[in-house]
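*Asks:* Converting from the sequence shown to the working numbering requires adding 114 to each position, the first position being numbered 1.
Cβ atoms here follow ideal geometry from the backbone N, Cα and C, with glycine treated the same way.
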Amino acid sequence: MFVNGLMTSLSRICTLFDIRYPIIQAGMVWCSGWKLASAVSNCGGLGLIGSGSMTPDVLHHHIRQCKAHTDRPFGVNVPLINRGIERVMEIIVEEKVPIVFTSAGNPAIWTSRLKDHGLIVSHVVPNVSLAVKCEKNGVDAVVCEGFEAGGHNGKDEITSMCLIPQVVRSINVPVIAAGGIGSGHGMAAALALGAEGVQIGSRFAVTRESSAHPAFKQAAVEAHDNATVLTLKQVTPVRIIKNAFYNRVLEFERKCAGRRELIALLGKSRAKKGIFEGDLEQGELEIGQITGMFDNIPAVADLFDTLIEEFRESVNRLGQLQSGYFSSGNLSAET
115 MFVNGLMTSL SRICTLFDIR YPIIQAGMVW CSGWKLASAV SNCGGLGLIG SGSMTPDVLH
175 HHIRQCKAHT DRPFGVNVPL INRGIERVME IIVEEKVPIV FTSAGNPAIW TSRLKDHGLI
235 VSHVVPNVSL AVKCEKNGVD AVVCEGFEAG GHNGKDEITS MCLIPQVVRS INVPVIAAGG
295 IGSGHGMAAA LALGAEGVQI GSRFAVTRES SAHPAFKQAA VEAHDNATVL TLKQVTPVRI
355 IKNAFYNRVL EFERKCAGRR ELIALLGKSR AKKGIFEGDL EQGELEIGQI TGMFDNIPAV
415 ADLFDTLIEE FRESVNRLGQ LQSGYFSSGN LSAET
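Dropping the structure here:
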């Protein structure tokens with residue numbers, strides 16, 4: 115009964131995106147090219163191309179390559195604060211990409227325009243009020259992202275464990291959980307809190323098909339439980355692995371540096387330097403807290419097998435606990 119009921123509750127996400135498993139790969143800059151997106155879609159999840167680091171020509175190329183390597187649905191993640199957003203959206207419509215995940219901006223500006231073209235739209239939020247705003251603006255699903263997530267983050271610092279159930283009870287559209295989910299066990303936990311799907315970023319960033327630099331992937335594998343930190347809160351909060359660049363940020367902050375000084379320190383292309391070019395000292399190594407669990411760099415297909423097996427293990431274990439405690443009367447309603 116538990117398994118059947120759980121799978122029924124997942125049908126909205128799987129039906130919405132026409133996918134087998136309620137697993138969405140986050141559209142991460144410098145990691146999420148066509149190779150990763152098509153591999154995830156071919157495994158039954160939803161792959162996303164991360165447009166945030168792409169010029170129009172590069173985005174065209176990745177969309178067309180993704181079409182050539184999968185016949186399953188895929189989408190594009192679009193940070194709304196990026197320059198040239200009009201052209202990005204034009205390309206998505208021209209190429210007939212069916213799904214768009216927007217983030218880092220106001221969903222009121224683009225949601226209706228995209229839906230007028232028949233696209234499915236999801237938006238990423240860090241708190242309840244923005245989730246409610248998304249629903250009012252007509253999104254098809256909301257991604258609620260706890261601050262455990264890697265990369266750019268919300269200022270509220272709400273953990274996934276606290277955020278997911280609050281968003282679920284506040285809106286009616288399907289909720290996709292993100293932030294700190296890198297295993298099938300984490301997926302089961304998110305769904306137990308009421309989410310109907312999960313968005314996984316860091317774990318997919320550290321796969322063979324990810325376009326991240328091998329040195330960055332290895333650094334993520336070697337990272338321990340407290341290797342990451344949420345920093346640059348005066349500029350825009352970002353979770354990174356501690357390194358020489360972070361030590362400079364910390365030094366500036368201890369001297370009470372202002373926003374302008376921190377922006378000057380950050381400079382341009384700091385994330386590209388770290389993630390795509392593999393500069394482990396001066397680059398911005400964006401990754402989530404869950405990286406402390408990583409011990410390998412798998413192919414996407416192997417990772418999917420692991421995720422599904424771990425999910426089944428968790429569901430079966432919960433079923434056994436239910437039978438052991440509730441059926442025996444140890445936690446009966448009368449006690």
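(1) State the DSSP-derived secondary structure class of Gly119, mapped to helix, strand or coil.
(2) In the DSSP assignment, find the unbroken beta strand (DSSP E) run with Leu344 in it and report its ends.
(3) Is it buried or exposed, Thr342, if we count other Cβ atoms within 10 angstroms and call 16 or more buried?
(4) Give the DSSP-derived three-state secondary structure of Asn357 in the structure shown.
(5) Can you list, in chain order, the residues of its chain with a C-beta nearer than 8 angstroms to that of Thr420? Leave out the 5 residues immediately preceding and following it.
(6) Which runs of the beta strand (DSSP E) fall wholly inside the segment 166-226 and span at least 3 residues, in chain order?
(7) Is Ile127 a contact residue of the ligand HEM, with contact defined as CB to any heavy atom under 7 angstroms?
(8) Suppose you measure from the CA of Arg426 to the CA of Pro193; what does that come to, to the nearest Å?
(9) Would you mind working out which of Gln280, Gly265, Val257 sits nearest Thr345, comparing C-alpha positions?
(10) From Thr122 to Ser284, what distance separates their C-alpha atoms?
(11) Any beta carbon of chain C sitting closer than 8 angstroms to that of His183?
(12) Roughly how many angstroms separate the alpha carbons of Gly159 and Leu233, rounded to a whole number?
(13) Note down, in chain order, each residue of its chain lying with its Cβ closer than 6 angstroms to the Cβ of Phe359, except the 5 sequence neighbours on either side.
(14) Taking C-alpha atoms, which residue in Tyr135, Trp148, Cys128 lies nearest to Arg72?
(15) I'd like the list of long-range same chain contacts for Val143, defined as Cβ closer than 7 angstroms, with 5 residues on each side in sequence excluded.
(16) Check this for me: beta carbons of Ile205 and His237, under 8 angstroms apart or not?
*Replies:* In this structure, then:
(1) Note that Gly119 scores 44 on pLDDT, short of 50, meaning its location in the model is unreliable and no value can be drawn from it.
(2) 342-345
(3) buried
(4) coil
(5) Ser297, Gly298, Pro412
(6) 188-193, 213-217
(7) Of the ligands one can find in the structure shown there are none, so the ligand HEM has no counterpart to examine.
(8) 34 angstroms
(9) Gly265
(10) Bear in mind that a pLDDT of 43 at Thr122, under 50, signals an unreliable position, so the number given afterwards is only what the model happens to contain. One C-alpha to the other measures close to 21 angstroms.
(11) Looking for chain C here will not work: only one protein chain is present.
(12) 18 angstroms
(13) Gln396
(14) Absent from the structure is residue 72, since the part of the chain shown begins at 115 and ends at 449.
(15) Gly164, Gly166, Ser167, Ala385
(16) no
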